[in-house]
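Taking it in order: structure first as structure tokens, then the write-up.
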Amino acid sequence: MVTAVPVRGGRNPVELTAGCAVLALLGGLLTYAVIDKGHRHENGYRLAASFAHVDGLSVGSDVRLAGVTVGQVVDEQVDPASFKANVTFTVRPDIHLPTDSAAIITSDSLLGGKYIALSPGGNDAMLHPGATIAETQGSISLEQLLSRFIFSVTDSMTRTNQQRANQGQGAGGQAQPAPSAAPAGPGGQP
């Protein structure tokens with residue numbers, strides 16, 4: 001025997017209002033996240049540095065001192081006169097760097113993101129906001145390291161093969177016979 005189950009004809013207005021409120025709240029949070037992502041939150045003073053290569057470094061990358069994040073990259077531009085990358089970054093206001101400090105672009109790991117590592121100098125004079133760090137070292141890409149390694153290996157193999165070929169030829173340009181491997185007799189004579 002089959003019994004009929006009554007079907008509700010309409011929605012409860014409280015459920016509909018709660019669903020609309022949740023959707024509106026999610027939309028507002030998403031809008032806030034998108035708008036807030038475009039704003040830079042600067043905490044500290046700005047410094048600048050010029051690098052030959054900034055491969056992998058981008059706006060928003062970390063600036064670290066002794067492994068601790070103390071700022072972030074806020075701008076990157078190319079100098080049309082020197083063809084170097086001018087990078088502007090922030091440093092926390094409680095960090096005072098000597099004028100002979102260095103800025104080095106390095107990475108977390110072989111495939112990790114790049115960041116600027118600050119290495120403080122020993123000078124008594126301190127960098128002021130807006131100053132430029134003169135001692136810099138640009139980034140080295142993984143592709144450059146691999147190509148240098150491969151080139152050095154193939155170059156050394158080529159030199160070794162050339163030396164072997166040159167040793168096997170005599171003064172007349174003909175191959176010398178291989179030395180005899182006959183055992184020496186009792187008086188050192190074969």
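1 is the number of the first residue of the sequence shown in the UniProt record's numbering; add one for each residue after it.
Glycine included, every Cβ here is placed at the ideal spot set by N, Cα and C.
Legend entry - Contact under 8 Å by Cβ, Ser-101 with Ser-82: Result no, Cβ atoms of Ser-101 and Ser-82 do not sit closer than 8 Å.
Inset, instruction - Under 6 Å Cβ to Cβ from Asn-43, same chain only, skipping five residues before and after it: list those, please. - result: Excluding its 5 nearest sequence neighbours in each direction, Asn-43 has no C-beta neighbour in its own chain below 6 Å.
Inset, instruction - Can you give me the start and stop residues for the beta strand (DSSP E) that Ser-107 sits inside? - result: Start and end: 102-107.
Inset, instruction - Note the first and the last residue of the continuous beta strand (DSSP E) segment covering Thr-99. - result: Where Thr-99 is concerned, there is no enclosing beta strand (DSSP E), given that its DSSP letter is neither H nor E.
Legend entry - Cβ pair Gly-121, Pro-98 closer than 8 Å: Yes.
Inset, instruction - Taking 8 Å as the cut-off, decide whether the C-beta atoms of Val-91 and Leu-47 are in contact. - result: For Val-91 and Leu-47, yes; Cβs fall inside 8 Å.
Inset, instruction - Round the Cβ separation of Lys-84 and Ala-52 to the nearest angstrom and send it over; I've been treating them as touching at under 8 Å. - result: For Lys-84 against Ala-52, the beta-carbon gap comes to about 6 Å, under 8 Å, which counts as contact.
Legend entry - Whole-angstrom distance between Thr-106 and Leu-29, CA atom to CA atom: Their backbone Cα atoms lie some 35 Å apart in a straight line.
Inset, instruction - Can you tell me which of the three DSSP states Thr-17 falls into? - result: Secondary structure of Thr-17 (DSSP, three-state): helix.
Legend entry - Reference Asp-55; option with closest CA among Ser-147, Leu-146, Phe-149, Ile-140: Out of Ser-147, Leu-146, Phe-149, Ile-140, the CA that lies nearest to the CA of Asp-55 is found in Ile-140.
Inset, instruction - Look up Lys-114 in the DSSP assignment and give the residues it is bridged to. - result: BP columns for Lys-114 point to Ser-107.
Inset, instruction - For Asn-86, write down the residues that DSSP places opposite it in a beta bridge. - result: Partner(s): Ser-50, Gln-77.
Inset, instruction - Please determine, among Glu-76, Val-34, Leu-26, the residue with the shortest C-alpha to C-alpha distance to Ser-50. - result: Comparing Cα positions, the closest option is Glu-76.
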